[in-house]
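Numbering (the working numbering), first residue to last: 317 to 423.
Ideal placement from N, C-alpha and C gives every residue a C-beta, glycine not left out.
In this text the structure is predicted, and so the values were computed from the model without any measurement.
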Ligand code: FES
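And the structure:
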């Protein structure tokens with residue numbers, strides 16, 4: 317099962333084994349990671365699941381679709397080149413070792 321590490325705003329790290337086919341947002345909220353809110357449940361209407369993908373993994377992520385691209389402009393933290401909405405990042409085997417930084421703030 318792919319391992320994904322979430323870095324909290326206080327720099328603490330949480331490593332999760334996430335089943336292929338599960339979004340990072342679902343995995344994070346199911347494990348009580350507070351920094352990922354996921355208010356809309358993955359419907360691309362809240363932008364409270366914002367993460368920053370660490371170096372070396374951006375090219376392994378699915379392409380940003382138009383709706384996600386639009387919502388990234390509404391993140392509370394502001395957008396960076398490595399910003400993604402974690403509800404749109406569905407885990408694949410290729411993502412094993414992925415590290416994402418949790419955006420702060422989310423609201
Ligand atoms: Fe709302 Fe990702 S959970 S946009």
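What's the gap between the Cα of residue 359 and the Cα of residue 326? So the two alpha carbons sit approximately 28 Å from each other.
Could you pull the DSSP bridge partners for residue 323 from this structure? Per DSSP, 329 and 417.
Are there any heavy atoms of ligand 1 lying less than 7 Å away from the beta-carbon of residue 392, as far as the coordinates show? No; taking the cut-off as 7 Å, the Cβ of residue 392 has no heavy atom of ligand 1 nearer than that.
Per-residue burial, residue 392 [other beta carbons within 10 Å of its own, 16 or more giving buried]: By the Cβ-count criterion, residue 392 is exposed, with fewer than 16 other Cβ atoms from all chains shown falling within 10 Å of its own Cβ.
Taking the beta carbon of residue 343 as the centre, do at least 16 other beta carbons fall within 10 Å, making it buried, or is it exposed? Taking all protein chains in view, the Cβ of residue 343 is crowded by 16 or more other Cβ atoms within 10 Å, so the residue is classified as buried.
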